[in-house]
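**Q** Residue numbers (my numbering), protein chains in the order written: chain A, 30 to 490; chain B, 42 to 448.
Idealized CB from N, CA, C, for every residue including glycine.
Submitted below is the structure of interest, expressed as structure tokens.
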Amino acid sequence: MLHERLIAALGSDAVKTEPEDLAVYAFDAYTEGGRPAAVVLPKSTQEVSAIVKIARDCGEPIVARGAGTGLCGGAVPTAGGIIVSLMRMNRILELDLPNRRVRVQPGLMNLDLSRQVGPEGLFYAPDPSSQQISTIGGNIATNAGGPHCLSYGTTVNHVLGLEVVDDAGEVFATSIEDAGYDLTAALVGSEGTLGLVTSAWLRLLALPEAVRVWVAAFDGMDAASEAVSAIIAAGIVPTALEMMDAVIIGAVEAAFHAGYPTDAAALLLVESAGFEEDVAASDAAIHAIVKAHGAHYWKSARTLAERNALWAGRKGAAGATGRIAPNYYTQDVCVPRSKLPQALRAVEAAARTNRITVGNVFHAGDGNLHPLLMYDKSDARQVAAVVETGNVILQSAIELGGTISGEHGIGWEKREAMTRVYSTADLAAMGRVRDVFDPRRMLNPEKIFPNAARCPEVAPP
Amino acid sequence: MRTASPPVAPKTAAETAEILARCDRAGDKVSIVGGGTLRGMGFPAERADITLSTKRLSGVVANERADLTVAARAGTAIQSLTALLSTQGQFVPFDAPRPQYATVGGTLAAGWLGPRRHLYGRLRDYVIGSTIVLADGTIARAGGMVVKNVSGYDMSRLYVGSFGTLGIIVQANFKTAPLPKHARLFLAPLPERTRARACAQLESLSMRPAAAFWIDGFHHAVDGDEGPEGRVVVLLEGSEALLERATREVRSALGRAGVPETRVLDAGARESFQRVVDAYVACLGERSVTYRLASPPQASEPNVLRANELARKFEMRAEAIVDVLNGDIILRVNDLDARALGAKIEAFDDALHEIEPRAQVIAGDHPNRIYLRVWGESPPAIAQMQALKARFDPNRTLNPGRFVGGI
Chain A
30 MLHERLIAAL GSDAVKTEPE DLAVYAFDAY TEGGRPAAVV LPKSTQEVSA IVKIARDCGE
90 PIVARGAGTG LCGGAVPTAG GIIVSLMRMN RILELDLPNR RVRVQPGLMN LDLSRQVGPE
150 GLFYAPDPSS QQISTIGGNI ATNAGGPHCL SYGTTVNHVL GLEVVDDAGE VFATSIEDAG
210 YDLTAALVGS EGTLGLVTSA WLRLLALPEA VRVWVAAFDG MDAASEAVSA IIAAGIVPTA
270 LEMMDAVIIG AVEAAFHAGY PTDAAALLLV ESAGFEEDVA ASDAAIHAIV KAHGAHYWKS
330 ARTLAERNAL WAGRKGAAGA TGRIAPNYYT QDVCVPRSKL PQALRAVEAA ARTNRITVGN
390 VFHAGDGNLH PLLMYDKSDA RQVAAVVETG NVILQSAIEL GGTISGEHGI GWEKREAMTR
450 VYSTADLAAM GRVRDVFDPR RMLNPEKIFP NAARCPEVAP P
Chain B
42 MRTASPPVAP KTAAETAEIL ARCDRAGDKV SIVGGGTLRG MGFPAERADI TLSTKRLSGV
102 VANERADLTV AARAGTAIQS LTALLSTQGQ FVPFDAPRPQ YATVGGTLAA GWLGPRRHLY
162 GRLRDYVIGS TIVLADGTIA RAGGMVVKNV SGYDMSRLYV GSFGTLGIIV QANFKTAPLP
222 KHARLFLAPL PERTRARACA QLESLSMRPA AAFWIDGFHH AVDGDEGPEG RVVVLLEGSE
282 ALLERATREV RSALGRAGVP ETRVLDAGAR ESFQRVVDAY VACLGERSVT YRLASPPQAS
342 EPNVLRANEL ARKFEMRAEA IVDVLNGDII LRVNDLDARA LGAKIEAFDD ALHEIEPRAQ
402 VIAGDHPNRI YLRVWGESPP AIAQMQALKA RFDPNRTLNP GRFVGGI
């Protein structure tokens, strides 16, 4: 009945029901979950609305999905239901150049947007490492970050308004210019639990006149992370400030020949962008700080090609670890920036205790750690060790005053950890928002909130 | 409207929670006040059995200088927080009018939009955590002291601009930014024939000023020439080297537009900028009403001309501060006395909303203010907003009727 109704509404081309097709949608980039009852690929807001109405009639939950690059199960149908893949809604709808804004559909690939507005001297700032495949809709769902959000802010800073299909299939619109509550801010980062975004107005920025990318190399992670803390403490916020350890440097050089010094124990990738005068001044100040912290190597990209190579190495780092182990798990935690050295020592200790190889590649300037825990998933000891290591890292970040996700989201994987950072009263306040937008808990159920049996404050009203 | 006196001023979140829980059970309505600087925004609460002041909930609770984060309680004066941050080379772009009185909690609750936001971002984007007391006395925290955090809904940003109708913000945590080392202000007369070109030139500068205004009226409130013509005020911020280049750009842009001699101010530049921001809510007793029209920058110039035309038609005096870079128009209309204004303000309000449906009243003490569309047209998602209010404050205990759509 469900399949027939979906096909009648959208056509057979837009509805997948064969087991081998459905199996593909049981995964994101890391997590495996339940099987969906159907996968639909709408082409318009009206079709999304029709799907939600059918799902409601049939009692099926809805899981919105972009490119599936998430790492914590946010788009995985753990409770079954209908996957709404927004990949066919991938167009730019309106480009308003004088006011530097653009309206796009959710399935548009992040990098496509910057590519298309680049010739106009503009770009879209949030740049998660997945930007060559991940979509704007998915980025909105997780309030995605990326290296450049150190200076430009995360996705929420760049969303001006949304068109949303609610849990009853009705369409509503939000704008940060509207009077009333900032629903746009509440929806960004809500991981598909409050509605399905069907279009978004985004802010575009002018391309900077000067961009310089530097690499600084250190003999130890401590020295590099102390340099990062010192840069921030000196009141210098570069455009991006990324860090890599020896494990990652080796993997990246083997895979991409990005131009990193291979004898370094730690490396900082620093980008300064803006006006010529400021870039020069900030470079000089950063150089002095890294030298004082023992950097033995400091080199800038001389050409655009060199600059792109340095960045390509960073953005492809996780993939490059395939040379070290068949599988990796990326933890995502964020700590106060002055606590970076302690946080990294805790990562190192946890990996050593559990005999796991760890590679660190992360947004140091934001205090946002991404330890990659490498393992072979056919080895039960290693799987258990990775889970334990990830857990210890999470706990140590909390103890340092940090949080359990800087930019990847909570999804399915971290939902039970929510009670470690929030009281039941804190979670109940979030639950009130959920009650308004999804009282029946049919939009991406089993995500963000801990299991209601264990945390009754977040149960539906 | 019943007014309770004197205000209660709890000293802690727990005390605040006790008061709210008691009122919520008893059916007493609570009106919330901070520094009172933005009391001209929104409707007055339709009933206030108790007025709750945040003035004793004040002080910086965490100043993590090396992390570029700071946490302050709601009643902290903006000026004292700004002064503290500036001693350590940091800032948060509050841009609040009358910062010696304005509070952290009030400025956030009002969702204040300052003129430097086009460059530094909205105030809400600096809020990384908060503590709120809900109507039933629940104390809920959100976010934390880290600059990136995606753990559940962004409750802090939802509370910003909620006008105390979802709960009382008792603490806010901010990320700070490095304070630009230098500031420079340009003041020049702006004859009518040069306006359109000057605005277009300022908007297209490659080196964006921190703020740029075209000001018509507000003679004694704002620095600069007090002749019959308008003025242009431009604030530049940044390093010394940057200011040198930007100065050349601004001078030549204004010169090209035909703007006569330009005065440049280094000492006191930020103070002079602050006087413009103060003027946003400066009112002439009961003789004036001030609107904010949020137009896209491209539409602000035609909109202000139409608004002026309209005021002339109603035989009212209109003064305007046009924030050239964000497109905001601050429009203050006044008449000889409160009665003269009262006789026409409602008809003017209707006509103004035909030009800009989202125009909001932000200042003015005229008794007829309550009959105006102070929030502009209802937002499309008003039903969702009303449902949020009902879920957070089902008894309508907090600031009832103060917000849009009867919230």
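In chain order, which alpha helix (DSSP H) runs of at least 4 residues are fully inside the segment 113-146 of chain B?
**A** Qualifying alpha helix (DSSP H) stretches, in chain order: 119-128.
**Q** Can you find at least 3 beta carbon pairs, one from the segment 226-235 of chain A and one from the segment 143-153 of chain A, that sit closer than 8 Å?
**A** Short answer: they touch.
**Q** For a contact defined as C-beta to C-beta under 8 Å, what are the partners of B/M426 on chain A?
**A** Numbered from its first residue, the second sequence carries residue 426 of chain B at position 385. Those within 8 Å of B/M426 in chain A are G209, Y210, L212.
**Q** I need the boundaries of the beta strand (DSSP E) containing A/G303, first residue and last residue.
**A** Taking the first residue of the first sequence as 1, we reach residue 303 of chain A at position 274. Residues 295-303.
**Q** Which residues of chain B have a Cβ atom closer than 7 Å to the Cβ of A/E306, listed in chain order?
**A** As a first step, residue 306 of chain A must be located in the first sequence, where it is residue number 277. By Cβ distance, chain B contributes S280, A282, L283, R286.
**Q** Step through the CB atoms of chain B and report whether any lies within less than 7 Å of the CB of A/E436.
**A** By 1-based counting over the first sequence, the position of residue 436 of chain A is 407. Yes - at least one Cβ of chain B is within 7 Å of the one on A/E436.
**Q** Along the segment 257-269 of chain A, where does the CB come closer than 9 Å to a CB of chain B? Name the residues.
**A** Residues S258, A259, I261, A262, A263, G264, I265, V266.
**Q** Under the rule that 16 or more other beta-carbon atoms within 10 Å means buried, what is B/S245, buried or exposed?
**A** Numbered from 1 along the second sequence, position 204 holds the residue referred to as residue 245 of chain B. Looking at its Cβ environment, which holds fewer than 16 other Cβ atoms inside 10 Å, B/S245 is exposed.
**Q** Given this structure, state the Cα-to-Cα distance separating A/T432 from A/R449, to the nearest angstrom.
**A** What you label residue 432 of chain A is simply residue 403 of the first sequence in a count that begins at 1. What you label residue 449 of chain A is simply residue 420 of the first sequence in a count that begins at 1. Spanning the two alpha carbons is a distance of roughly 9 Å.
**Q** Among the candidates B/S313, B/E56, B/T206, whose CA atom is the shortest distance from the CA of B/A428?
**A** Counting from 1 along the second sequence, the entry for residue 428 of chain B is found at position 387. For the residues B/S313, B/E56, B/T206, the minimum Cα distance to B/A428 belongs to B/T206.
**Q** According to the neighbour-count rule (16 or more other Cβ atoms, all chains shown, within 10 Å of its Cβ), is B/R414 buried or exposed?
**A** On the second sequence, residue 414 of chain B is found 373 positions in, with the first residue counted as 1. Buried, by the Cβ-count rule.
**Q** Please go through the same chain and pick out, in chain order, the residues whose beta-carbon is closer than 8 Å to the beta-carbon of A/A215, but skip the five residues on each side of it.
**A** Numbered from 1 along the first sequence, position 186 holds the residue referred to as residue 215 of chain A. Same-chain partners within the cutoff: L223, V462.
**Q** How many angstroms separate the CA atom of A/G435 from the CA atom of B/L243?
**A** Reading the first sequence from its first residue, position 406 is the one you call residue 435 of chain A. Reading the second sequence from its first residue, position 202 is the one you call residue 243 of chain B. One C-alpha to the other measures close to 38 Å.
**Q** Using a Cβ cut-off of 8 Å, which residues of the segment 406-438 of chain A contact any Cβ in chain B, in chain order?
**A** Correct list: G430, G431, T432, I433, S434, G435, E436, H437, G438.
**Q** Counting along the chain, where does the beta strand (DSSP E) carrying A/G348 start and finish?
**A** Stepping through the first sequence from its first residue, residue 348 of chain A is reached at position 319. Unbroken run through A/G348 is the alpha helix (DSSP H), 346-349; no beta strand (DSSP E).
**Q** Look up A/E220 in the DSSP assignment and say whether it is helix, strand or coil.
**A** Working through the first sequence from its first residue, we reach residue 220 of chain A at position 191. In the structure shown, A/E220 sits in coil (DSSP, three-state: anything other than H, G, I, E or B).
**Q** What is the residue span of the alpha helix (DSSP H) that A/I427 lies within?
**A** Residue 427 of chain A sits at position 398 when you count from the first residue of the first sequence. Here the alpha helix (DSSP H) through A/I427 covers 409-428.
**Q** Could you work out which residues of chain A lie near B/R158, taking near to mean beta carbons separated by less than 8 Å?
**A** Along the second sequence, read from residue 1 onward, the residue named residue 158 of chain B stands at position 117. The premise fails here: B/R158 is roughly 11 Å from chain A at the closest Cβ pair, so nothing lies under 8 Å.
**Q** Considering only the alpha carbon of each residue, which of B/N436, B/G279, B/A181, B/W153 lies closest to A/E305?
**A** Within the first sequence, numbered from 1, the residue matching residue 305 of chain A stands at position 276. It is B/G279 whose Cα lies nearest to the Cα of A/E305.
**Q** DSSP beta-bridge partners for A/K45?
**A** The count along the first sequence starts at 1 and reaches residue 45 of chain A at position 16. Paired residues: A/V68.
**Q** List the endpoints of the continuous alpha helix (DSSP H) containing A/D251.
**A** Taking the first sequence and counting its residues from 1, one reaches residue 251 of chain A at position 222. Element bounds for A/D251: 250-262.
**Q** Please state whether DSSP places A/K328 in a helix, a strand or coil.
**A** Residue mapping note: residue 328 of chain A aligns to position 299 of the first sequence, counting from 1. A/K328: strand per DSSP, three-state reduction.
**Q** If I measure Cβ to Cβ from A/P48 and keep anything under 6 Å in the same chain, skipping five residues before and after, which residues do I get?
**A** Sequence index remark: in the first sequence, residue 48 of chain A carries index 19 (1-based). No residues qualify anywhere along the chain.
**Q** Which chain A residues are close to B/V445, counting only those with a beta carbon under 8 Å from its beta carbon?
**A** Position 404 of the second sequence holds residue 445 of chain B. The contacting residues are A208, G209.
**Q** Is the Cβ of B/K189 closer than 7 Å to any Cβ of chain A?
**A** If you number the second sequence from 1, residue 189 of chain B lands on position 148. Closer than 7 Å: yes.
**Q** Hey, how far is the Cα of A/Q145 from the Cα of A/V131?
**A** The sequence position of residue 145 of chain A within the first sequence is 116, counting from 1. The sequence position of residue 131 of chain A within the first sequence is 102, counting from 1. Using only the alpha carbons, I get a separation of about 11 Å.
**Q** With A/G493 as the anchor, note down where its beta strand (DSSP E) starts and where it stops.
**A** Here chain A covers residues 30 to 490 and nothing more, so residue 493 of chain A does not appear.
**Q** What are the partner residues of A/W243, as DSSP defines its beta bridges?
**A** Along the first sequence, one-based indexing puts residue 243 of chain A at 214. A/W243 pairs with A/V299, A/S329.
**Q** Please check the pair B/Y167 and B/V133, which I expect to be a contact at CB under 8 Å, by giving their CB distance rounded to whole angstroms.
**A** Position 126 of the second sequence holds residue 167 of chain B. Position 92 of the second sequence holds residue 133 of chain B. With 8 Å as the limit, B/Y167 and B/V133 qualify as a contact, their Cβ atoms being about 5 Å apart.
**Q** Grab the span of the alpha helix (DSSP H) containing B/Q425 for me, first residue to last.
**A** Within the second sequence, the letter at position 384 stands for residue 425 of chain B. Start and end: 423-433.
**Q** With a floor of 4 residues, list each alpha helix (DSSP H) that falls wholly inside the segment 302-367 of chain B, ordered by position along the chain.
**A** Taking only runs of at least 4 residues, the alpha helix (DSSP H) segments lying wholly in the segment 302-367 of chain B are 310-320, 338-354.
**Q** Can you tell which of A/L298, A/N473, A/D292, A/G97 has the C-alpha that lies nearest to the C-alpha of A/A339?
**A** Residue numbering aside, residue 339 of chain A sits at position 310 when the first sequence is read from its first letter. It should be pointed out that residue 339 of chain A corresponds to Leu in this sequence rather than to Ala. The shortest Cα separation from A/L339 among A/L298, A/N473, A/D292, A/G97 belongs to A/L298.
**Q** Is there a Cβ of chain B sitting closer than 7 Å to that of A/V68, yes or no?
**A** Residue 68 of chain A sits at position 39 when you count from the first residue of the first sequence. A/V68 does not count as touching chain B.
**Q** When the Cα atoms are used, what is the spatial distance from B/L382 to B/G83?
**A** Within the second sequence, residue 382 of chain B is the residue found at index 341, counting from 1. Within the second sequence, residue 83 of chain B is the residue found at index 42, counting from 1. Cα to Cα, the separation comes out at about 19 Å.
**Q** Please confirm whether B/W416 has its beta-carbon closer than 7 Å to some beta-carbon of chain A.
**A** Taking the first residue of the second sequence as position 1, residue 416 of chain B is located at position 375. Chain A contact via Cβ: present.
**Q** Tell me whether A/D307 sits in a helix, a strand or coil according to DSSP, three-state version.
**A** Residue mapping note: residue 307 of chain A aligns to position 278 of the first sequence, counting from 1. Note: A/D307 maps to helix in three-state DSSP.
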